[in-house]
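These notes are about the structure you will find just below.
In this note's numbering, the protein residues as written are 9 to 164.
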C-alpha cells in the first residue's frame, strides 16, 4: 500500500507534468513543420501534379501515426508479453519517420545550407520525442510503466 501511495505522490505528478508540457509543445510544432515543409516541397512540383495537394496531408499523418504506433508498441510491450510490434519491431518505423522528416525538411528548405539541416534535425528530434512520450503521458500507471522489467502478474 505504501508503494501505491508513493506512485501518486509528488514524483508522479512532476513527471506527468514534464511529459505533458513536452507533448503539448513539441507535437503541434513538429506537425506544423512537416505540413509547412511538405507544402513547400510540393511547390517545386509541376502545377498539375497531385502530390502538390497530398504531400502536406500525408507526410504529417504518416509521421504521427507511425511514430505513435511504434511508441504504443514499445510502451505496451515487455520482453515476455509483446504488443503490436513488440519491443524490437518498433525501430524500423522510427528510422522511416526520421528519414521522411529529414527529407521533407531538406527538400522544403528555401536555402539548402547547414542551418536548414540542423533546424530540421532539431525539430525532428523534438517531435519524435514528443510523440514517443505521448503514450507514457496518457498512461494511468506511468511510474509502473517506467519501472516494469517483466510482464505484470495476471489477476486470479
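No residue lacks a Cβ here, since even glycine has one placed at the ideal position from N, Cα and C.
Asked: 7 Å Cβ shell around residue 82 - same chain, five flanking residues per side excluded; Found: 95, 98
Asked: C-alpha distance - residue 14 paired with residue 27, whole-angstrom precision; Found: Because the pLDDT of residue 14 is 44, which lies under 50, any placement of that residue in the model is unreliable, and the number read from its coordinates should be weighed accordingly. Going by the C-alpha atoms only, they are around 18 Å apart.
Asked: Best match in 38, 64, 52 for proximity to residue 46 [C-alpha to C-alpha]; Found: 64
Asked: Counted within 10 angstroms of its Cβ, other Cβ atoms place residue 79 as buried (16 or more) or exposed; Found: buried
Asked: Proximity of residue 101 and residue 77 at Cβ, strictly below 8 Å; Found: yes
Asked: For residue 43, the three-state DSSP class (helix, strand or coil); Found: helix
Asked: Euclidean distance between Cα positions of residue 91 and residue 84; Found: 6 Å
Asked: Contacts around residue 120, its chain only, beta-carbon distance under 8 Å, and the 5 residues preceding and following it disregarded; Found: 114
Asked: Cβ shell of residue 53 (< 7 Å), same chain only, five flanking positions each side left out; Found: 59, 60
Asked: Buried or exposed by the 16-neighbour rule on C-beta atoms within 10 Å, applied to residue 118; Found: exposed
Asked: Test item: CB-CB of residue 141 and residue 31 under 8 Å; Found: yes
Asked: Residue 66 at chain B interface by Cβ criterion, 8 Å; Found: This model lacks chain B altogether, as it is built from one protein chain only.
Asked: Inter-residue Cα distance where the pair is residue 124 and residue 103; Found: 20 Å
Asked: Residue environment, residue 42, which counts as buried when at least 16 other CB atoms sit within 10 Å; Found: buried
Asked: Selection from 55, 20, 105, 44 that minimises the alpha carbon distance to residue 133; Found: 105
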